[in-house]
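Per full-length UniProt numbering, numbering through the sequence shown is continuous, rising by one, with the last residue being 595. Contents: one structure, followed by commentary.
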Amino acid sequence: MIRTPLRPLARILSARQKGENPDTIERENLRLRHEEIRDKSRARAEVRLLFLSLGFLAAFSTIGARMGLLAATEPMEPRTAAAGAEIVATRADITDRNGRILATNMQTYALYAQPKDMVDPARVARELARIFPEIDPVALERRLTDGRSFLWIRRVMSPEQMQRVHEIGDPGLLFGPREMRLYPNGQLAAHVLGGASFGAEGVSSAEVIGTAGIEKALDARLRDPGQSGTPLELSIDLTLQATIEEVLGTGKTMLNAKGAAAILMDVRTGEILSLASLPAFDPNDRPNPLVKGDPGDSPLFNRAVQGVYELGSTFKIFTVANALDLGLVEKDTMVDANAPKRWGRFTIKEFQNKNYGPLLSVEDVIAKSSNVGTANLALMIGAERQAAFFQSLGFFEPTTIELVEAPGARPIVPKRWPDITTITTSYGHGISASPMHLAVAYAAIANGGVKVTPTLLHGGVPQNGPRVMTEETARDSIGMLRSVVEHGTATLGDVPGYQVAGKTGTAEKPNAQGGYDTDKVVNTFASLFPANDPKYVLVVTLDEPVETSGSEPRRTAGWTAVPVAGEIIRRVAPLMGLRPVVEPPPVDELTAVSN
Numbered sequence: 001m002i003r004t005p006l007r008p009l010a011r012i013l014s015a016r017q018k019g020e021n022p023d024t025i026e027r028e029n030l031r032l033r034h035e036e037i038r039d040k041s042r043a044r045a046e047v048r049l050l051f052l053s054l055g056f057l058a059a060f061s062t063i064g065a066r067m068g069l070l071a072a073t074e075p076m077e078p079r080t081a082a083a084g085a086e087i088v089a090t091r092a093d094i095t096d097r098n099g100r101i102l103a104t105n106m107q108t109y110a111l112y113a114q115p116k117d118m119v120d121p122a123r124v125a126r127e128l129a130r131i132f133p134e135i136d137p138v139a140l141e142r143r144l145t146d147g148r149s150f151l152w153i154r155r156v157m158s159p160e161q162m163q164r165v166h167e168i169g170d171p172g173l174l175f176g177p178r179e180m181r182l183y184p185n186g187q188l189a190a191h192v193l194g195g196a197s198f199g200a201e202g203v204s205s206a207e208v209i210g211t212a213g214i215e216k217a218l219d220a221r222l223r224d225p226g227q228s229g230t231p232l233e234l235s236i237d238l239t240l241q242a243t244i245e246e247v248l249g250t251g252k253t254m255l256n257a258k259g260a261a262a263i264l265m266d267v268r269t270g271e272i273l274s275l276a277s278l279p280a281f282d283p284n285d286r287p288n289p290l291v292k293g294d295p296g297d298s299p300l301f302n303r304a305v306q307g308v309y310e311l312g313s314t315f316k317i318f319t320v321a322n323a324l325d326l327g328l329v330e331k332d333t334m335v336d337a338n339a340p341k342r343w344g345r346f347t348i349k350e351f352q353n354k355n356y357g358p359l360l361s362v363e364d365v366i367a368k369s370s371n372v373g374t375a376n377l378a379l380m381i382g383a384e385r386q387a388a389f390f391q392s393l394g395f396f397e398p399t400t401i402e403l404v405e406a407p408g409a410r411p412i413v414p415k416r417w418p419d420i421t422t423i424t425t426s427y428g429h430g431i432s433a434s435p436m437h438l439a440v441a442y443a444a445i446a447n448g449g450v451k452v453t454p455t456l457l458h459g460g461v462p463q464n465g466p467r468v469m470t471e472e473t474a475r476d477s478i479g480m481l482r483s484v485v486e487h488g489t490a491t492l493g494d495v496p497g498y499q500v501a502g503k504t505g506t507a508e509k510p511n512a513q514g515g516y517d518t519d520k521v522v523n524t525f526a527s528l529f530p531a532n533d534p535k536y537v538l539v540v541t542l543d544e545p546v547e548t549s550g551s552e553p554r555r556t557a558g559w560t561a562v563p564v565a566g567e568i569i570r571r572v573a574p575l576m577g578l579r580p581v582v583e584p585p586p587v588d589e590l591t592a593v594s595n
């Protein structure tokens, strides 16, 4: 910067030559310099005031906007921010096909302790033991005084328990909010739902994860935040489920059975309207699995899906349907039923050593449940075609129903298929499957020959599965199953107005010695109704039942599983909107009356 001198030499000399006062020049230059400095200071101050005004305007605008936002929002309790990833606890509800709640979430609290903040750990341990009887006060006091800084005491509490803990008044006891899974219907549909527990946990929330049943099988869907507001709608009907469990439980008790299972399926959509297994459990308080003994004795065991049994004579209709479909016989064809039948070193007998021979029609083979007649039909079919037919019905693979237990319930199929295996499997021995497999196979007969995939999800769309038999074969098979109920081994299952059709199966249970125990049986009645237009399949299985009302104990399915199934159909058919068909009495039973 070049400064102008106050006394320029040239002007001073010029002023002296002219006789002027040189000091005037200095005063004028000084005045001009001060005016220039003043102008620059004023400009600088004006710029600073402008920026300061803009700053105040922005600040007051922000404060005003924030005050307006706070005034427009609902008041909310402040929450402490916690470090780390947030745990999303929301889990979708589960409902039945009519929207009734099967599983939902409930807000609760967990109890934890910070021992270093406690005033009197010994008193706290004693008081907590009074509130929670399962707590050992001595062990809890030891844990509260061993130097740790954090201790979980209770994952879930009721509001009453929380209030009592609060009244202890110790600052070291703290509560953490969280959601828990609630099953408002208790044991109802327990094996379908399975249960849930806590996964990742924090003091302010916990992750809810499925542990069994459909809760675990569809865990990803139920935990998806994008679908948390959309309930998972099952095909189960809560009213039908309650009715079937009630009747099944009564039958299990009256018949002294070890366990029981029932499946009600829509034959066209494959939807499971009810799936029951007894004994049951409460998923709100799921018991621990058995660590020794037979897993099948646990209430957690789903007999309808996990129970793999020899299902006995219920398989005979498949042998007959196979023979009909191959064109080997017709329903009135006479076949050899002369018992006993010798095959190598084996003897094929009828129940109680009866003899229905020498010949029976194919229809009577089913109505009378002839082992020998079925065996001869199987030999006509041959091992290769028989095995292929069983495979087409789904007896070689686990069912694909949406339960985490289903993939482990693989049928027990013979590794080799000699003639004796062809004979025994034709009447349900030497091959084991679950009641769910049986329901799927009977649904194929009931719907006209199309295999369906069982599902617990509500959809209501008829399936277009592979055809496993012709419509004519399915129709003839239904007629033969109807004859079993009308005048065969399942007369106790006939429900007036609903034309029940079905087949009994009594299978002795294998023992440890490699044989069969005659006093321990699995009884099954696989039925479909109404026979004139089948809509539903019902499979009822009882484990080790015995009917003791007579002079001798009776263990066949006709005396055990059949009456239970008949009572179920009598109770649930009206609930499903099926109108009974009034059948006119035979002419010879009409009696003339006069006024």
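Just so you know, even glycine gets a beta-carbon here, dropped at the ideal spot from N, CA and C.
Can you grab the Cα-Cα spacing for the pair residue i / residue j, in whole Å?
{"i": "G430", "j": "A125", "result": "59 Å"}
{"i": "E215", "j": "L240", "result": "21 Å"}
{"i": "T211", "j": "A72", "result": "44 Å"}
{"i": "A443", "j": "V539", "result": "10 Å"}
{"i": "A260", "j": "P171", "result": "52 Å"}
{"i": "H458", "j": "A58", "result": "58 Å"}
{"i": "E77", "j": "G68", "result": "With a pLDDT of 49 at E77, under the threshold of 50, the modelled position of that residue is not reliable, and the figure given next carries that caveat. About 19 Å."}
{"i": "I348", "j": "W559", "result": "24 Å"}
{"i": "E20", "j": "D39", "result": "30 Å"}
{"i": "G479", "j": "V208", "result": "50 Å"}
{"i": "P159", "j": "H166", "result": "10 Å"}
{"i": "I131", "j": "I153", "result": "12 Å"}
{"i": "A15", "j": "H34", "result": "23 Å"}
{"i": "I423", "j": "L328", "result": "17 Å"}
{"i": "A43", "j": "L52", "result": "14 Å"}
{"i": "E544", "j": "Q513", "result": "18 Å"}
{"i": "G55", "j": "I37", "result": "27 Å"}
{"i": "A409", "j": "R100", "result": "30 Å"}
Of all the options the options, which has the alpha carbon lying nearest to the alpha carbon of residue i?
{"i": "D96", "options": "N338, L575, P231, L578", "result": "P231"}
{"i": "P5", "options": "L30, S61, V440, G488", "result": "L30"}
{"i": "G312", "options": "K520, T422, E508", "result": "E508"}
{"i": "L174", "options": "S204, T333, S432, G199", "result": "S204"}
{"i": "T374", "options": "P563, G408, P411, T319", "result": "T319"}
{"i": "residue 598", "options": "V564, A103, M162", "result": "The question about residue 598 has no answer, for the chain in this structure spans 1 to 595."}
{"i": "G195", "options": "K341, R91, R143", "result": "R91"}
{"i": "I317", "options": "Q352, L140, V362", "result": "V362"}
{"i": "Q391", "options": "V413, L264, I12", "result": "V413"}
{"i": "T453", "options": "V47, V440, G460, I445", "result": "V440"}
With which residues is residue i paired in a DSSP beta bridge?
{"i": "Y112", "result": "W152, L174"}
{"i": "Q227", "result": "Paired residue(s): none; Q227 is not in a bridge."}
{"i": "K503", "result": "A526"}
{"i": "F198", "result": "V208"}
{"i": "E547", "result": "R554"}
{"i": "Q107", "result": "E179"}
{"i": "Y536", "result": "D266, F529"}
{"i": "M334", "result": "S361"}
{"i": "K258", "result": "None; K258 has no bridge partner."}
Quick one: is residue i near chain D, going by C-beta distance under 7 Å?
{"i": "T104", "result": "Annotation note: the requested chain D is absent from the structure, which comprises a single protein chain."}
Just to confirm my understanding: we take residue i, look at its own chain, exclude 5 residues before and 5 after, and list those with CB closer than 8 Å. What are they?
{"i": "P287", "result": "F281, S298, P299, L300"}
{"i": "N532", "result": "Q499, V581"}
{"i": "G84", "result": "In this prediction, G84 has a pLDDT of 44, which is less than 50 and means its spatial position is unreliable; nothing more can be read from the coordinates."}
{"i": "E517", "result": "Note that residue 517 is Asp in the sequence shown, not Glu. Excluding residues within five positions, the ones whose Cβ falls inside 8 Å are E508, K509, P510, N511."}
{"i": "V291", "result": "none"}
{"i": "A82", "result": "With a pLDDT of only 44 at A82, under the threshold of 50, the placement of this residue in the model should not be trusted; the figure read from the coordinates follows. If we look at A82 and ignore the five residues flanking it on each side, its Cβ neighbours are G202, V203, S204."}
{"i": "E350", "result": "A339, P340, Y356, S370, N371, V372"}
{"i": "L13", "result": "none"}
{"i": "D332", "result": "S361, V362, E363"}
{"i": "P358", "result": "D336, A337, N338"}
Leaving out five residues on either side along the sequence, give the residues of the same chain with a beta carbon under 6 Å from the beta carbon of residue i.
{"i": "T80", "result": "Confidence in T80 is poor, its pLDDT being 45 and thus under 50, which makes the residue's placement unreliable; the coordinate value appears in the next sentence. Here the set comprises nothing."}
{"i": "L578", "result": "none"}
{"i": "A526", "result": "T314, L438, Y442, G502, K503, V539"}
{"i": "T541", "result": "A261, P435, T524"}
{"i": "M180", "result": "M106, T108, V156"}
{"i": "T489", "result": "S369, T504, G558"}
Please list, in chain order, all residues of the same chain as residue i whose beta carbon is under 7 Å from its beta carbon, the five residues on each side excluded.
{"i": "E402", "result": "I214, A217, L218, T455, L456, L457"}
{"i": "R570", "result": "V495"}
{"i": "F150", "result": "Y112, Q114"}
{"i": "A474", "result": "I445, G448, G449"}
Inset, instruction - Evaluate the contact criterion for the region 464-475 versus the region 537-551: three or more CB pairs, one atom per stretch, below 8 Å. - result: Result no; under three Cβ-Cβ pairs closer than 8 Å.
Inset, instruction - Pair every Cβ in the region 310-327 with every Cβ in the region 254-272, then say whether three or more of these pairs are closer than 8 Å. - result: Output reads no: the region 254-272 does not touch the region 310-327.
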